[in-house]
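To start, the structure itself, in structure tokens.
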Amino acid sequence: MDRRLQQCAPYSMLASLKRIVNRTPASPPTPVKIPDIQLHHGKKRIDNFSWMEQLDHPDLVGYIQAENEQVLM
1 MDRRLQQCAP YSMLASLKRI VNRTPASPPT PVKIPDIQLH HGKKRIDNFS
51 WMEQLDHPDL VGYIQAENEQ VLM
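Its first residue numbered 1, the sequence shown is counted upward by one per residue in full-length UniProt numbering.
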């Protein structure tokens with residue numbers, strides 16, 4: 001019995017590795033760029049992602065849901 005198990009173990013590992021290698025790579029969700037021009041100390045700065053600081057922003061809720069689906073697959 002032990003001998004059969006030892007002989008089958010490498011094939012079992014190869015089958016597992018084949019499934020992992022053939023899996024399609026996950027692509028993270030891309031947040032929407034909403035330009036926000038800010039003026040600090042006389043210098044203009046464009047922050048495309050300042051909307052993510054607003055916790056009730058509808059795009060943020062959708063982005064976080066998409067991110068969670070990606071991670072929790």
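Where a beta carbon is used, it is the ideal one built from N, C-alpha and C, also for glycine.
Residue closest to residue i, alpha-carbon to alpha-carbon, out of the options
i, options, result
"Val32", "Val71, Leu60 and Glu67", "Leu60"
"Asp36", "Ser27, Pro28, Glu53 and Pro29", "Glu53"
"Ile34", "His41, Asn48, Lys44 and Lys43", "Asn48"
Start-to-end residues for the beta strand (DSSP E) that takes in residue i
i, result
"Leu39", "Asp36 to His40"
Start and end residues, alpha helix (DSSP H) containing residue i
i, result
"Asp47", "Segment Lys43 to Asp47 is the beta strand (DSSP E) holding Asp47; no alpha helix (DSSP H) there."
"Asp56", "No alpha helix (DSSP H) contains Asp56, which DSSP labels as neither H nor E."
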